Amino acid sequence: MHPEIRQDHPGNCPKCGMALEPLLPELDDDNPELRDFQRRFWWSLPFSVAVLVLAMFGHQLHLMDMGTQTWVELVLTLPVVLWAGLPFFQRGWQSIVNRSPNMWTLISLGTGAAFLYSVVATVMPGVFPDSFVSMGRIGVYYEAAAVIISLTLLGQLLELRARSQTSAAIKSLLGLSPKTARRINDDGGEQDIPITHVHVGDRLRVRPGEKVPVDGVVIEGSSSVDESMLTGEPVPVSKRKGERLIGATLNTSGALVMRCERVGSDTMLSQIVQMVAQAQRSKAPMQRMADSVAGWFVMAVVAISVATFFGWGFFGPEPSWVFGLINAVSVLIIACPCALGLATPMSIMVATGRGATQGVLFRDAAAIENLRRVDTLIVDKTGTLTEGRPAFERAVPAAGFSADEVLRLAASLDQGSEHPLADAIVRQARAQALTLDNPEDFESGSGIGVRGRVAGRALALGNTVLMEQAGVTVDELAPQAEALRAEGASVMYLAADGRLAGLLAVSDPIKASTPEALSDLHQAGLRIVMATGDGETTAKAVAARLGIDEVHGEVKPADKLALVERLQKGGRVVAMAGDGINDAPALAKADVGIAMGTGTDVAMNSAQLTLVKGDLRGISIARGLSQATVDNMKQNLWFALIYNGLGVPLAAGLLYPLTGWLLSPMFAALAMSLSSASVVGNALRLRKRAL
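All residue numbers for the sequence shown refer to the numbering used here, where the first residue is 99 and numbers rise by one.
Below is the structure:
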């Protein structure tokens with residue numbers, strides 16, 4: 099409940115008193131706290147049942163005189179209170195030492211008061227007035243102390259088992275990773291090795307029906323790979339030479355040979371597990387309110403308990419002080435704020451696990467709570483709306499050049515560039531078997547193009563700004579360039595020795611899922627804004643095709659950041675979706691940054707939400723999960739507050755003059771335990787909630 103608490107060994111939280119959770123859950127279900135509480139519960143249960151039977155029926159059975167029965171009850175209660183209930187008293191003492199009152203403060207005070215009162219009544223009965231005598235002895239309440247501890251142990255068992263289910267999603271992710279890989283050695287031989295022995299650059303064979311061992315790229319073969327366990331996409335994805343593979347996904351048909359590119363904590367599966375675990379440890383803004391309320395609530399309950407004790411003692415019917423003690427203990431037990439403390443952490447844990455199975459990774463609880471409020475979405479174009487894998491479209495030569503010559507010269511120069519557009523041009527030239535020369539004096543201009551020398555010719559390849567700097571006029575091909583941009587293509591001019599040689603058009607196809615995703619977001623009431631570095635004409639062409647509300651072309655990273663700030667100052671709650679390094683500042687500034695899992699690590703590190711598959715439809719899923727989670731947290735908080743609002747007056751005996759009802763401390767303990775289990779159970783409903 100307090101994720102800021104960290105230590106390097108198991109123990110209890112100094113604030114809430116509950117056992118600290120490991121940063122990453124284990125694959126096995128071994129929970130030391132659960133195992134310890136089970137042992138204490140089952141060993142102490144016979145003693146609690148025995149003392150309860152004696153207290154209720156001992157005087158009727160006449161097994162022994164009442165004085166002897168009192169001592170027998172003490173002996174039966176001692177192991178329950180001093181051994182089975184020891185963790186409760188330790189946590190209660192820690193809460194006082196750390197000045198952090200919590201549920202264990204109330205439980206230890208309640209059971210301790212009932213037990214110590216009964217011990218004094220057994221050892222020194224003469225100190226009590228005659229009004230305390232009941233059925234021939236001073237009334238004792240060993241059965242209340244013992245049964246409360248047993249019921250609290252039972253409640254903790256139910257809660258711990260339910261809490262273990264909230265980590266089911268992350269455990270299933272941990273279980274996806276294969277244990278071995280088949281490595282192809284330099285001599286052509288093959289051997290199965292532990293996954294921990296795989297290194298970057300190793301060649302691995304993935305046979306049909308096997309899991310891809312690590313992240314890498316296909317170098318031989320083709321197949322269909324089921325990536326649903328990580329991306330939520332049910333349809334297997336076709337993989338061919340040069341395409342990327344994600345570790346832990348399932349090869350369904352053909353044989354593949356892959357080159358390893360990421361191992362260990364660098365793989366996508368490991369990063370997903372880390373992000374889910376980090377989100378589960380984070381605290382929702384709503385939880386801060388619950389934390390502050392819980393601390394004051396405990397102090398208020400202690401005050402109400404004291405007032406109950408003296409109120410009944412001075413004004414209640416005989417034996418008034420006995421009534422006062424029992425009702426004061428009932429108030430302490432039933433008002434335990436465990437349900438209040440669990441209200442939001444359980445919802446967050448279940449929601450982040452559910453999101454991970456849908457290919458939606460929340461970085462923290464605040465992102466879950468904030469996403470539902472977003473009313474404006476800024477999207478990048480390349481890699482977000484489009485595939486991010488530009489395809490060469492055509493080369494248009496100027497007078498005195500051929501199309502093949504324009505493509506050959508541009509591809510030769512672009513061999514020195516890592517830009518996706520350059521890669522598309524080089525791939526096309528090689529596909530046409532054109533002979534490429536090595537570039538010399540290569541120089542990349544910031545966002546405007548590249549320069550260099552190829553076979554002794556001075557070349558410049560880029561936009562109109564680069565051509566102006568080179569003193570080259572582009573009027574000859576301007577109409578063709580504008581027509582290609584109107585179709586959504588990116589256009590680059592090529593100049594050779596200070597003369598226009600031609601232009602090249604590269605288009606980046608829109609993702610098949612983008613129109614549906616934007617339609618869903620529009621229906622949800624979001625305003626869609628596109629901000630791209632592409633030219634205005636290209637940007638407007640894409641925006642018109644997708645029905646985007648607002649377009650900004652030729653923007654730089656600083657411009658995207660300024661756009662986010664301007665919209666926020668205008669009262670908008672802004673989400674930014676992007677995949678590149680240039681999107682990182684805007685992703686960090688937005689109320690919710692959304693990174694494409696197919697993009698750069700910098701973008702993912704700057705964002706609060708990652709779409710593993712890079713599919714914008716994931717935003718609708720994430721918004722649905724955000725709304726469902728906040729609703730669930732509110733339900734839990736209201737449940738906890740209403741429960742205490744009704745339970746405390748009943749336990750204090752305020753209804754006794756009207757109804758004659760009093761609440762036994764044992765029933766108060768049962769109600770307290772069930773309230774915690776109910777909150778966890780309500781949170782678990784998120785696993786099946788339609789999104």
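By construction, the Cβ of each residue, glycine as well, lies at the ideal position given by its N, Cα and C atoms.
Only a predicted model underlies this, so the values are computations on that prediction, with no experimental measurement involved.
query: One or two residues paired with Gln289 in a DSSP bridge; result: Arg281
query: Within the segment 483-545, ranges of the alpha helix (DSSP H) (whole runs, at least 4 residues); result: 501-512 and 518-529
query: CB contact flag (Tyr215, Leu423, <8 angstroms); result: yes
query: Separation of Val399 from Gly208, as counted between CA atoms; result: 11 angstroms
query: Residue closest to Gly287, alpha-carbon to alpha-carbon, out of Glu541, His295 and Leu302; result: Leu302
query: Which listed residue (Val355, Ala769, Gly362 and Ile317) has its alpha carbon closest to that of Pro292; result: Gly362
query: Euclidean distance between Cα positions of Ala531 and Ile523; result: 13 angstroms
query: For Gly779, the three-state DSSP class (helix, strand or coil); result: helix
query: Bridge-paired residues (DSSP) for Ala650; result: Checking the sequence shown, residue 650 turns out to be His, not Ala. DSSP, once it has assigned bridges, lists Ala629 as partnering His650.
query: Every unbroken alpha helix (DSSP H) within the segment 557-625, with a cutoff of 4 residues, ordered by chain; result: 562-568, 576-584 and 612-621
query: Distance, Val589 Cα to Thr571 Cα; result: 15 angstroms
query: C-beta atoms of Pro495 and Gly600 nearer than 8 angstroms; result: yes
query: Segments assigned alpha helix (DSSP H), at least 4 residues, entirely inside the segment 119-198; result: 130-159, 164-177 and 184-195
query: For Asp681, the nearest candidate out of Phe412, Ile246, Thr630 and Met164 (CA to CA); result: Thr630
query: DSSP state of Thr294 mapped onto helix, strand, coil; result: helix
query: DSSP beta-bridge partners of Gly691; result: Met674
query: Paired residues, beta bridge with Phe460 - DSSP; result: Leu707
query: 8 angstroms Cβ cutoff met for Asn791 and Thr442; result: Past the boundaries of the shown model lies residue 791; the chain is included only from 99 to 789, so the question cannot be answered.
query: N-terminal and C-terminal residue of the alpha helix (DSSP H) that Arg721 is part of; result: Arg715 to Ala750
query: Integer-rounded CB distance, given that Gly712 should sit under 8 angstroms from Met694; result: 4 angstroms
query: Where Met222 sits in the DSSP three-state scheme; result: coil
query: For Thr350, three-class secondary structure by DSSP; result: coil
query: Neighbour-count burial assignment, Thr757, 16 or more Cβ in a 10 Å radius; result: exposed
query: Beta-carbon proximity check, Glu318 vs Lys339, cutoff 8 angstroms; result: yes
query: CA-to-CA distance, Asn349 to Ala246, given in whole angstroms; result: Note on residue identity: the sequence assigns Ile, not Ala, to residue 246. One C-alpha to the other measures close to 55 angstroms.
query: Three-state secondary structure (DSSP) of Gly547; result: strand
query: Check whether Ala211 and Val396 have beta carbons under 8 angstroms apart; result: no
query: Buried versus exposed call for Ser500 [16 or more other C-beta atoms within 10 Å across all chains shown]; result: exposed
query: Rounded distance between the beta-carbons of Leu132 and Leu255, thought under 8 angstroms; result: 7 angstroms
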